[in-house]
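Each residue of the sequence shown is one higher than the one before, starting from 333 at the first, in the numbering used here. Working notes, structure below.
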Amino acid sequence: MSHGHAWGKPIAEKRVDLSVRIGSLTLRNPVLTASGTFGYGDEYAHVVKVAALGGVVTKTVTVHPRPGNGPTRVAETASGMLNSIGLENVGLARFRDEKLPRLRALDATVIASIGGETAEELEELLGALGGQDGVGAFEVNFSCPNEIGRASCRE
């Protein structure tokens, strides 16, 4: 307890409820990691108490593993930076079998970022991960990965 005024009466410590509801999902607080900036989440467990976050938005997962683009992947510019990662990821099977159990063990609220090149791939990802314990929600990545030999997302 702290003494917050001149009369010397203790002020009881109060916890502030920072929880957030999004549909049927309740997050501990509104702090989420951004997809791709925090890996799959387990890589930072030695630095951050993952369970204290509102949620971990994972690196985007695709049906099949992707090696991503070779170097150079990041370039500094006068107004920020450009990146060309190419959606490097371990693929659905390894994410489900290796990454997701680690996040469950860390008591993380998982928002799985998924990416597919077709509606069928997105359906496969949702079907495979939708019933998994520990997946609270999905982010669907509709971005265009910068891939060598691919001029645009409309090809």
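Note that the Cβ used here is the ideal one computed from N, Cα and C, for glycine as well. None of the values given here were measured: they were computed from a predicted structure.
According to DSSP, simplified to helix, strand and coil, what is residue i?
{"i": "L359", "result": "strand"}
{"i": "L424", "result": "helix"}
Is the distance from the Cβ of residue i to the Cβ of residue j below 8 Å?
{"i": "V348", "j": "L359", "result": "no"}
{"i": "R405", "j": "N415", "result": "yes"}
{"i": "G402", "j": "N361", "result": "no"}
{"i": "P399", "j": "G423", "result": "no"}
{"i": "A440", "j": "A366", "result": "no"}
{"i": "V395", "j": "E471", "result": "no"}
{"i": "L357", "j": "A469", "result": "yes"}
{"i": "G368", "j": "I417", "result": "yes"}
What do you get for residue i, buried or exposed, if any count of 16 or more other CB atoms within 10 angstroms of its CB means buried?
{"i": "L350", "result": "exposed"}
{"i": "V363", "result": "exposed"}
{"i": "G373", "result": "buried"}
{"i": "F427", "result": "buried"}
{"i": "V379", "result": "exposed"}
{"i": "K346", "result": "exposed"}
{"i": "V467", "result": "buried"}
Next item on the list: Please confirm if the segment 388–395 is in contact with the segment 436–446, defined as three or more CB-CB distances below 8 Å between the two stretches.
Entry: yes
Next item on the list: Spell out a yes or no on whether the segment 411–420 and the segment 455–465 are touching, meaning 3 or more CB-CB pairs, one atom from each, closer than 8 Å.
Entry: no
Check: Which runs of the alpha helix (DSSP H) spanning at least 4 residues fall entirely within the segment 383–413, listed in chain order?
Finding: none
Checklist line | Inside the segment 432–483 only - alpha helix (DSSP H) runs reaching at least 4 residues | finding: Entirely contained in the segment 432–483, the alpha helix (DSSP H) runs reaching 4 residues are, in chain order, 432–437, 451–461.
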